[in-house]
Amino acid sequence: MTAIPEPILEAYAGFPYPYVGDAYRYSTNVEPAGSLTLTALGQWGESLVTVDAHYRAELAERREILQRDPSRHAVLAHMRPAAWDACLTLLRELATAYPQHFTLAEVGELRWAWHNSLTGDDLTFTYGDDSTLPDEPLRWVSSQVQEDIVLLDQREQLYGDAGVVTFAADWSFGFDVGMSFLEIHGPVPRIRDERIITRAHSFLMRLQPHAPYRRTNWTMTIGRRLDVSTETYPEWGPDREMIQLVDDETFGRLVHLRVEVQHLIRLPDSGAIMFLIRTFLMPLEALAQVEPWRERAAKVLAELPEDMADYKGIIKYKDRAAAWLEAAAP
Ligand code: HEM
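With the working numbering as the guide, the letters of the sequence shown map in order to residues 2 to 331.
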């Protein structure tokens, strides 16, 4: 195998390459979280939250999006305890996974001291007392993690009743908030017939604290663009036409494989479910330098059924992406 260039190794060692076979279909693809997954380039998956070289840039982007469009954040009134639960859980995860960057210390009854050396944040807060944080707790903690966050309340079903989602892949958190888990998945083809979502729902209803699970999902995005939400469609939708006209070099540079690592966590105090979505992007020109990834991605894209490609929004260029990857064989 040809050697992988050093800059590719450095930039994408933690990339969660999603394909485990030469064809891709939806499934209830969940596995226990926290285990290290080795890949052709490196590894991913040891912690529930991942901090990488894009940390500051992505948090700045989130701050800017939230300022421009407050509908990316919502906490329905009954979700306040869950928002605090999510906040402390995420800070704990950060401090455990990256002690070199973050520290969390209990300094009194319900009093916590937080230090983030990457943002310079240094504060002490009282768990449950909103006035001790600079912002609503869920929105504030979204300024510390790269993950998008959805909190689901468990009544007779699961409802997406809170969240901060600034990097949605072709959906709208503001539109979905308050919907049931089954309603949220309404637009996805196949999964109703194949009973994937009803099975996922029963699984989530039984999820236990301290036993988190994870899954991956993937699509493609044109440009290194995290915010491809319904709200900004006029900005990125036309790229799907544009990309058909560009030369091969530009195509490989602009088309990205977009992978979401999604964690499913039962919060210990509130009983809500925290759904974390961490988005990773890798351009085809980089992917093509990792031979097993190139070879398999070419096959998966060539084989992907039309209805799935259509739903993912890649139908206009996925065949060209497959051919591009095929032609990039060493
Ligand atoms: C085991 C759990 C889950 C499974 C198996 C699952 C499965 C899926 C699948 C197969 C898709 C289509 C993805 C694609 O083609 O790119 C999807 C989309 C989606 N999922 Fe899930 N999901 C799970 C958990 C969740 C949770 C907890 C949420 C929280 C709200 C969620 C929110 C969404 C949203 C918003 C979409 C996009 C729907 C749209 O197009 O409007 N999922 N999911």
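Glycine is no exception: its CB is placed at the ideal position from the N, C-alpha and C atoms.
Check                                                                                                                                                                     : Outcome
Where does ALA170 land, buried or exposed, given buried means 16+ other C-beta within 10 angstroms?                                                                       : buried
Please report the distance separating the alpha-carbon of GLY161 from that of MET80.                                                                                      : 10 Å
Can you determine whether any heavy atom of ligand 1 sits closer than 7 Å to the C-beta of MET206, and answer yes or no?                                                  : no
Let me know if ASP249 comes out buried or exposed under the rule of 16 or more other beta-carbons within 10 Å of its beta-carbon.                                         : exposed
According to DSSP, is GLU110 part of a helix, a strand, or is it coil?                                                                                                    : coil
Name, in chain order, the residues that DSSP records as bridge partners for TRP45.                                                                                        : THR38
Please state the DSSP three-state secondary structure of LEU305.                                                                                                          : coil
Could you give the distance in angstroms between the alpha-carbon of GLU137 and the alpha-carbon of LEU42?                                                                : 39 Å
Would you kindly work out how many angstroms separate the C-alpha atoms of GLY15 and ASP53, rounded to a whole number?                                                    : 9 Å
On the CB-based measure, 16 or more other CB atoms within 10 Å of its CB, does LYS317 come out buried or exposed?                                                         : exposed
For ALA298, which residues of its own chain have a beta-carbon under 7 Å away from its beta-carbon, when the five flanking residues on both sides are left out?           : TYR20, LEU258, LEU288 and LEU326
Within its chain, find whatever has a CB closer than 6 Å to the CB of LEU282; leave out the 5 residues flanking it on each side and keep chain order.                     : ARG225, HIS257 and ARG259
Report the rounded CA-to-CA distance for ARG267 versus LYS300, giving the unit in angstroms.                                                                              : 36 Å
May I have the straight-line CA-CA distance separating ALA303 from ASP320, to the nearest angstrom?                                                                       : 6 Å
For GLU107, I'd like the list of residues in its chain whose CB is within less than 7 Å of its CB, leaving aside the five on either flank, ordered along the chain.       : TRP113
In the DSSP assignment, find the alpha helix (DSSP H) that holds ALA163 and state where it starts and stops.                                                              : Unbroken run through ALA163 is the beta strand (DSSP E), 159–165; no alpha helix (DSSP H).
Are LEU152 and MET243 close, meaning C-beta to C-beta below 8 Å?                                                                                                          : no
Does the separation of the CB atoms of LEU285 and GLY253 fall below 8 Å?                                                                                                  : yes
Pairing CB atoms from the segment 118–135 with CB atoms from the segment 179–188, are three or more of them under 8 Å?                                                    : no
Would PRO269 pass as a contact of ASP86 if the rule is Cβ separation under 8 Å?                                                                                           : yes
Could you tell me if the beta carbon of ASP177 falls within a distance shorter than 7 Å of some heavy atom in ligand 1?                                                   : yes
Please classify GLU232: is it buried, with 16 or more other beta-carbons within 10 angstroms of its beta-carbon, or exposed?                                              : buried
Tell me whether LEU111 is buried or exposed, calling it buried when 16 or more other Cβ atoms sit within 10 Å of its Cβ.                                                  : exposed
Answer yes if the segment 28–35 comes into contact with the segment 208–220, meaning at least three C-beta pairs across the two stretches below 8 Å, and no otherwise.    : yes
Could you give the residue range of the beta strand (DSSP E) that holds PRO284?                                                                                           : 274–284
Look at ILE278 and GLU195 and say whether their C-beta atoms are less than 8 Å apart.                                                                                     : no
What's the call for GLU236, buried or exposed, on a 16-neighbour Cβ count within 10 Å?                                                                                    : exposed
Excluding the five sequence neighbours on either side, which residues of its own chain have a C-beta within less than 8 Å of the C-beta of VAL247, listed in chain order? : LEU255
LEU67: which of SER230, GLN245, GLN263 and LEU305 sits nearest, CA to CA?                                                                                                 : SER230
Go to VAL260, then tell me how far its beta strand (DSSP E) extends in each direction, as first and last residue.                                                         : 256–267
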